[in-house]
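S.K.: Attaching a single structure in structure tokens format; questions to follow.
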Amino acid sequence: MQETLTSSCQQAASSDSTPVRYHALDALRAFALLLGIVFHSILSFVPGFTQWAVQDRDTSHWAGYFVIVCHSFRLEIFFLIAGFFAHLVFHARGFRAFARDRAKRILLPFVVGWLLVAPMLTFVWVLGDGWQPGPAALIAILDLLGRLAGLRPGLLGKSHLWFLYYLMLLYVGTFGLRAIFVRFVDSTGRKREWLDRRIKQLVHSRLAVLVLAAISSVFLWGMRGWGVDTPDRSLVPHVPTALLYGFIFCLGWMMHRQPDLLGAITPRWWAHLALGMLVSLPTAGVLAKAIADGRSDLKALFVPLYAVMMWLLVFGVMGFFLRFFSRPSTKWRYLADSSYWLYITHLPLVAFLQVVMAQVALPWIVKLVVINLVTFPILLVSYHYVVRSTFIGGTLNGKKHSYVSLRRVWLPRAAAD
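To convert, take the position in the sequence shown, counting from 1, and add 8; that gives our numbering.
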């Protein structure tokens, strides 16, 4: 497996025109986006989380623990991969082709998605605020139009699509800084070679997690909340969040300059993952005590713990996928293609199901499973029949796929028989 990965990396480094597919990173990106659906589906079960559409009658601290852990690495992995692939596509196709591609696949989905999703989320949030079992549900729906004028500022914000906005900001910032750096600071390329050596030394070092955590702690300390803020209320960039994700994006960018560095992450995946889960326990414990006792001073302990947990889990999960998903897979390729559509469209459906089930007398874990068992099939079917082989798929995935039946995708042997 190590030889396969190294060979693939060498091929990518030598390619001048056609970007090589990193199957493990495609699968990892799909995992990060699909995990986001589960992440949002569990928020209604977190005790005291009143900013959501509804709070379920049955909550659990385990749901809160999942949210803390998941939120520490999911988008960090996404932006690391985004930086890696941005460097790949830019050097394979050039700036103009890169800009056209990202305008079509990032800017357009952000604008259209916001226009379509934001009103639906507004509807669900109002519904959640007035939901009661039985006829009262109809009253809440009829009351919607009369209450829109009184909604608090920001409810019609970017919702979960804010990450696309920040990704576009990072593209602009990275290319702007790169142009200045290459022209005025490093016209000979020697400083970039020096940076390459330092990045290689860092990634191979056993102290990589601590070094990256120390840098990330500076940004985490500036967050309004504990952990990474979700800047979904304004188009004005939230500086600490932008700097954190920008730092991670640039690390991914620099790693693609030496794609064989992926091989250095793979062998220690199990140690990183195990230690990350171990560190998550005191991290969650410190946060719980801070909330219970009103101890804001504990943030000085929480921030470094959170940063260490973040990078352990980033390297652990990334190494796991590099170790076990580096070979081509029809199913994972399909999930990688579909995950973007699923993530963009999932939140109104997930939040609506949470509102509908909020007062149902079932254990929270059962309702969580039901929400996801309803959401994923509906969205996958919509992707297959409405998106994959249409202009929408051409926009989101870069190209339209020829139509094949779902049976052929998921049961190729049975379809052949």
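For each residue, glycine too, the CB sits at the ideal point set by N, CA and C.
Assuming W261 and H95 form a contact by the criterion Cβ under 8 Å, report the distance between their Cβ atoms to the nearest whole angstrom.
M.R.: Yes, they are in contact, since the Cβ atoms of W261 and H95 sit about 5 Å apart, within 8 Å.
S.K.: Out of curiosity, what's the CA-to-CA distance linking I50 and N405?
M.R.: 28 Å
S.K.: Please determine, among A111, W372, V294 and M285, the residue with the shortest C-alpha to C-alpha distance to F81.
M.R.: M285
S.K.: Does the beta-carbon distance from S347 to A38 come in below 7 Å?
M.R.: yes
S.K.: When burial is assigned at 16 or more other CB atoms within 10 Å of the CB, is W133 buried or exposed?
M.R.: buried
S.K.: In whole angstroms, give me the CA-to-CA distance for V46 and S195.
M.R.: Going from the Cα of V46 to the Cα of S195 covers about 46 Å.
S.K.: Counting Cβ pairs closer than 8 Å, one from the stretch 303-313 and one from the stretch 237-250, do we hit at least three?
M.R.: no
S.K.: Can you tell me the Cα-Cα spacing of F98 and S334, whole angstroms?
M.R.: Using only the alpha carbons, I get a separation of about 23 Å.
S.K.: Using only the alpha-carbon positions, how far apart do T58 and T353 sit?
M.R.: 23 Å
S.K.: For S413 and Y393, what's the separation of their Cα atoms in angstroms?
M.R.: 9 Å
S.K.: I'd like to know whether the C-beta atoms of A366 and V62 end up nearer to each other than 7 Å.
M.R.: yes
S.K.: By how many angstroms is the C-alpha of S167 removed from the C-alpha of V417?
M.R.: A straight line joining the alpha-carbon of V417 with that of S167 spans about 32 Å.
S.K.: Quick check on DSSP: helix, strand or coil for Y30?
M.R.: coil
S.K.: Use the C-beta contact count for R396: other C-beta atoms within 10 angstroms, 16 or more gives buried, fewer gives exposed.
M.R.: buried
S.K.: Roughly how many angstroms separate the alpha carbons of A187 and M263, rounded to a whole number?
M.R.: 19 Å
S.K.: With a cut-off of 8 Å, do at least 3 Cβ pairs link the stretch 355-366 to the stretch 319-327?
M.R.: Verdict: no, contact absent.
S.K.: In whole angstroms, what is the alpha-carbon distance linking F131 and I373?
M.R.: 26 Å
S.K.: Quick check: what's the CA-CA separation for D345 versus G401?
M.R.: D345 and G401 have their C-alpha atoms roughly 9 Å apart.
S.K.: Take the Cβ of F192 as the centre, count every other Cβ of all protein chains shown within 10 Å, and call the residue buried at 16 or more, exposed below.
M.R.: Exposed, since its Cβ has fewer than 16 Cβ neighbours within 10 Å.
S.K.: Using three-state DSSP, classify L370 as helix, strand or coil.
M.R.: coil
S.K.: When the Cα of Y253 is compared with those of Y411, L178 and Q209, which residue comes out closest?
M.R.: Considering only alpha carbons, the answer is L178.
S.K.: What first and last residue would you give for the alpha helix (DSSP H) that runs through M326?
M.R.: K307 to F332
S.K.: Ends of the alpha helix (DSSP H) at Y206?
M.R.: With the sequence shown as reference, residue 206 is identified as Arg, and Tyr is not the correct amino acid for it. Segment R198 to H212, the alpha helix (DSSP H) holding R206.
S.K.: Given that a residue counts as buried once 16 or more other Cβ atoms are within 10 Å of its Cβ, and exposed if not, what is G327?
M.R.: Buried: at least 16 other Cβ atoms inside 10 Å.
S.K.: Could you tell me if D305 is buried or exposed, where buried requires 16 or more neighbouring beta carbons within 10 angstroms of its beta carbon?
M.R.: exposed
S.K.: Taking DSSP as the reference, what is the three-state secondary structure of Y411?
M.R.: coil
S.K.: Determine the direct distance from the alpha carbon of N380 to that of F86, and round the result to whole angstroms.
M.R.: 21 Å
S.K.: Tell me where the alpha helix (DSSP H) around L283 begins and ends.
M.R.: W277 to D301
S.K.: Is it buried or exposed, A272, if we count other Cβ atoms within 10 angstroms and call 16 or more buried?
M.R.: buried
S.K.: Quick test of your reading: F257 and G56, contact by CB under 8 Å. State the CB separation rounded to the nearest angstrom.
M.R.: Wrong, their Cβ atoms sit about 32 Å apart, outside the cutoff.
S.K.: Do L228 and A315 come within 7 Å of each other at the CB atom, strictly closer than that value?
M.R.: yes
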